[in-house]
Amino acid sequence: MILFWLILIPFVAGILAWIVARRNATAARVLSLAALALDLTLALGLWVRHPIVLSQQLRFGWFASLTWDWIPQFGIRFHLAVDGLALVMIVLTAFLGIVAVLASWSEIQNGVGFFHFNLLWVISGVTGVFLAADLFLFYLFWELMLVPMYFLIAIWGYERKTYAAIKFFLFTQISSLLMLVAIISLAVAHYHATGVYSFAYEDLLGTPLSPATAMLMMLGFFAAFAVKLPAFPLHTWLPDAHTEAPTAGSVLLAGLLLKTGAFGMLRFVLPLFPGPSRELGMLMMAVGVTGILYGAILAFAQSDLKRMVAYTSVSHMGFVLLGIFSGNELALDGALVQMVSHGISTGALFVLAGALKDRLHTRELDSMGGLWDTMPVLSGSGMVFAMASVGLPGLGDFVGEFMVLVGTYRTSPVLAILAALGMIAGVTYGLRMIQRALLGPNTHNWKLPDARWYERVVFGSMIVGLLWIGLYPQPVLKLVRPAIGRISQQAIQTLAMR
Amino acid sequence: MNSSDVIALLPMIVPSLTAILILLLIAIKRNHALVASCALAGLGASFASLWAAATVIPRSVTALLIIDSYSLFYSGFLIATAAIVVLLSFSYFQRRQEHREEFYALILLATVGTIVLTASRHFASLFLGIEILSVSLYALVSYLREGRLALEAGIKYLVLAATSSAFLLFGLALLYAETGSMDLATISYILMKPAAGAAAEIELAGIVFVLTGVGFKLAAVPFHLWTPDVYEGAPLPVTAFIASVSKGGVFAVLLRWFHSVSGHPGSPAWWAFVVMSIASMLFGNLLALQQNNIKRILAYSSIANMGYLLLAFLCAGAFGLQAATYYLLAYAVTIVGAFGLLIALCEGETEDYELDALRGMFWRRPILAGAFAVALLSLAGIPLTAGFLGKFYIVAAAAITPLWIPILILVISSTIGVYYYLRVLVPMFMVVEDGPPARGEGAPIHAIVSLAALIALIFVLGVYPSPLWRLIQTISNAS
């Protein structure tokens, strides 16, 4: 039941916030904050209690699961389940949701109610994506997070918001329709094999498929996840969407929506299609490395702060893709840590970019410079996040990238070396950003207010999060260990059975 | 003909009598509200009589009509949709000064035509049904005689519909000449077991001509050319009627007597349907990209939707039939909702339906505009709406058949579709600084109630399809 609450709370709070905002905008913000805090508490509670729950030996190693009949004619159930992998992502979701609400505290003044409605519904949809254990339900949530995200960009975005929002919607739509076709074909294949309709994740896992069919279906799933991730060359929606979105939108996009792509690969592509995943593994890793280098180089060339951060996302998510298809557990662990820490560090950079835009009314790096003198707290935290993004040891991203590199080295030394070059490129754009924006002479004579209370809260908690993952990632790794172990085991075992 | 036959025919007798009653009422005194409520009561009585008719089914009434659970189910759907159209028409015509009372008699007669279609089992009743429908629509399309567009639409519809009827008749004649039977079951049989030699060619020619007639009514490509002009020129309630009731009735015949073609992939008739389906999906969606008028966009979108529907029609077995029925219902609910909301949104504010008319509408009238957005998202096939589950069933049925190429085309074309639905959404949600303030007058209460019911139905069909799906299963198993 707790799983249902996790989805329902933001869902209902979204509607309430819309109603409340007609009278009082601040009430809507507080309400959203309270709902997300409640969500976070529930998720953390599950984390704390999970060893006890685990001893109950639920099927498939779930910590908790829930099944209601829904469309019995097709064996579609309202089936939610959580394991370590999903739990980590849900904690991240609720945390970044809070960050997004705080980040838009002063930025959003028009249509506050509808804004928070959309924001909370994105959170609800993303939570559903992480919890769904029925493929039909998964698709439903997958699409559901798209529409409110579209509105966030299209209504509260910057200059080219319409273009960016439509591009984002269309890229996602065509790829997820391909996934829908793959999901349905998989269920049909399962029906032909067993005579029973089912969309349940557990049931579909062992579906016997011919190699060619499996390959096509895997590509259907992969298309949807690769667009979200984004994998080179399907990333072109990302810089536009991230740049034009309001701060909260960018935080949610970079922090959560990209993660749903990686999550989908871990949850669905690897276990459901172990054969094709192995066969195409090298190709996927090469795509990942291309993304790392390409994203880093383009990030270096940007003069728009948000656009630069967007391209670093392409680069960092390349590491995740590389880790997922490296075919060993160390790299899978690394990919997961990278997902979490990238969510925090990039989310923080977008909040920073939003805070600067709010004060300077520009995102151009050239118009900045010397900001440290006038805004020490803001600039100091900015430097921490830039360093995290660069991969400074002691901060989250380093752990993830390092583990991915070590894991990859076992499979393909060449790709590991090329990917490591990406980390060096990362240093150049990170330092360039610090140099141009924060240090140097204050040629434009900026005199600006330093971080406000909610910005201090956001930055403080995000720095703590990054330090925690950077210095002591063990709790996270321990939580996801069984899930990751099962994923890699499934991939290997099912292969052996053929 | 005995009393049971009369009971079985009540659903079509009642609205016919109501139409006559309305004409008499008009002769005595013109009263818009009275006539509209009379039409509504007639449709309500007709809907109620379905249960009476259900006690005597299945029953063949003469050689012309068959009343069974299939025809009653479709009749119920058509009558309910027509009733909603009547409700929407009332507020639409309330603002206008034309002679508005005859409108309701015509709508009732057109509905009777579609009910005859759902029950027809003979060439004669098929033609009769289509003609009752068409003749009423000639008048309905150009009902607002003042407008130039309305006249153009009326003439266009008249000429093309008459031509297509001629094709239909010729096709039926050819089939009769070859088989010596006027039973519609003949068509089903021919499609299942095509004859050999010269007979096969005549039969095929007959089938193709019949398809021309039917395809015109459905506005499937390449018989779609009338659609955008008629949708644009006709009064909004009539457009909603054409998109839902008129197409629904014709599709009911097609589904019942032509569905056997889906069991014979590769036959010429099968190819004809495949080409119609694929061409409708692609051209409908591609041509919609060029439009700036909402009515024309919805016209092209309806062409594309007929393509999806034909794809479901091509799916073999009971599942194909069920998927097609579900999609038709989902589409009808959505499109009537969309047109109804367009009436509520634009009427009184503006007379034209260009995209710009919607600028900033969401911030002025959030509830109506939000509901319109829901209808558009349902047309685009976004989950939680009826349109999504409809498409889901189609893809599932097509994957079982299997029809991979059409599925792929559906994926591509419905992505194109999403683009133009977004084009309608974008101006609606635009923040306009100097937009005109909201007009004080809201939509009248009966329009609000029917629209709220439609929007609720869009969600119910998209979230909880089991009851309806079970009903459709029962019907398809019985027929």
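The listed protein sequences derive, respectively, from chains A and B.
When we follow my numbering, the leftmost residue of the first sequence carries the number 6, and every step to the right adds one.
When we follow my numbering, the leftmost residue of the second sequence carries the number 1197, and every step to the right adds one.
Using N, Cα and C, we set each Cβ at its ideal position, and we do this for glycine too.
Beta-carbon contacts of residue i that lie in its chain and below 8 Å, excluding the five residues immediately before and after
i, result
"S1265 of chain B", "A1250, I1253, P1254, T1670, I1671, A1674 and S1675"
"I24 of chain A", "G118"
"G399 of chain A", "L472, G475 and L476"
Contact with chain A by residue i, beta-carbon distance below 9 Å
i, result
"R1666 of chain B", "yes"
"F1366 of chain B", "no"
"L1618 of chain B", "yes"
"V1231 of chain B", "no"
"L1554 of chain B", "no"
"I1596 of chain B", "yes"
"Q1669 of chain B", "yes"
"F1269 of chain B", "no"
"V1622 of chain B", "yes"
"S1574 of chain B", "no"
"I1474 of chain B", "no"
"Y1615 of chain B", "yes"
Local Cβ density within 10 Å of residue i, reported as buried at 16 or more and exposed below that
i, result
"S1476 of chain B", "buried"
"S1199 of chain B", "exposed"
"K1443 of chain B", "buried"
"T1310 of chain B", "buried"
"G1376 of chain B", "exposed"
"I429 of chain A", "exposed"
"N1488 of chain B", "exposed"
"N1481 of chain B", "buried"
"R28 of chain A", "exposed"
"S215 of chain A", "exposed"
"F1469 of chain B", "buried"
"V1312 of chain B", "buried"
"G339 of chain A", "buried"
"H1295 of chain B", "exposed"
"A306 of chain A", "exposed"
Check: residue i C-beta below 8 Å from any heavy atom of the ligand NAP
i, result
"P1661 of chain B", "This structure lacks the ligand NAP; in fact it carries no ligand of any kind."
Proximity test, Cβ basis, 9 Å: residue i and chain B
i, result
"S190 of chain A", "yes"
"Q178 of chain A", "yes"
"V152 of chain A", "yes"
"P244 of chain A", "no"
"G19 of chain A", "no"
"N115 of chain A", "yes"
"V193 of chain A", "yes"
"W75 of chain A", "yes"
"V25 of chain A", "no"
"F16 of chain A", "no"
Beta-carbon contacts of residue i that lie in its chain and below 7 Å, excluding the five residues immediately before and after
i, result
"A1335 of chain B", "L1302"
"I1159 of chain B", "Limits of chain B in this structure are 1197 at one end and 1675 at the other, which puts residue 1159 of chain B out of reach."
"R415 of chain A", "N333"
"L1537 of chain B", "L1564, A1567, F1568, A1571 and L1647"
"H1318 of chain B", "A1259, L1260, M1378, D1379 and L1380"
DSSP state of residue i mapped onto helix, strand, coil
i, result
"G1636 of chain B", "With a pLDDT of 47 at G1636 of chain B, under the threshold of 50, the modelled position of this residue cannot be trusted, and the question is left open."
"E249 of chain A", "helix"
"V1628 of chain B", "coil"
"L420 of chain A", "helix"
"N1489 of chain B", "strand"
"E284 of chain A", "helix"
"R82 of chain A", "strand"
"L1365 of chain B", "helix"
"A192 of chain A", "helix"
Sequence-distant residues of the same chain with beta carbon closer than 6 Å to residue i, five excluded per side
i, result
"L49 of chain A", "none"
"S1498 of chain B", "A1439"
"P478 of chain A", "V342 and V404"
Presumed contact (8 Å Cβ cut-off) between residue i and residue j, rounded CB distance
i, j, result
"V96 of chain A", "W147 of chain A", "So it is not a contact: roughly 20 Å between Cβ atoms."
"M373 of chain A", "R441 of chain A", "6 Å"
"A192 of chain A", "L209 of chain A", "7 Å"
"L125 of chain A", "P213 of chain A", "At roughly 42 Å, the Cβ-Cβ gap does not stay under 8 Å, so L125 of chain A and P213 of chain A are not in contact."
"P1623 of chain B", "L1551 of chain B", "6 Å"
"G296 of chain A", "V274 of chain A", "About 17 Å; that fails the 8 Å criterion."
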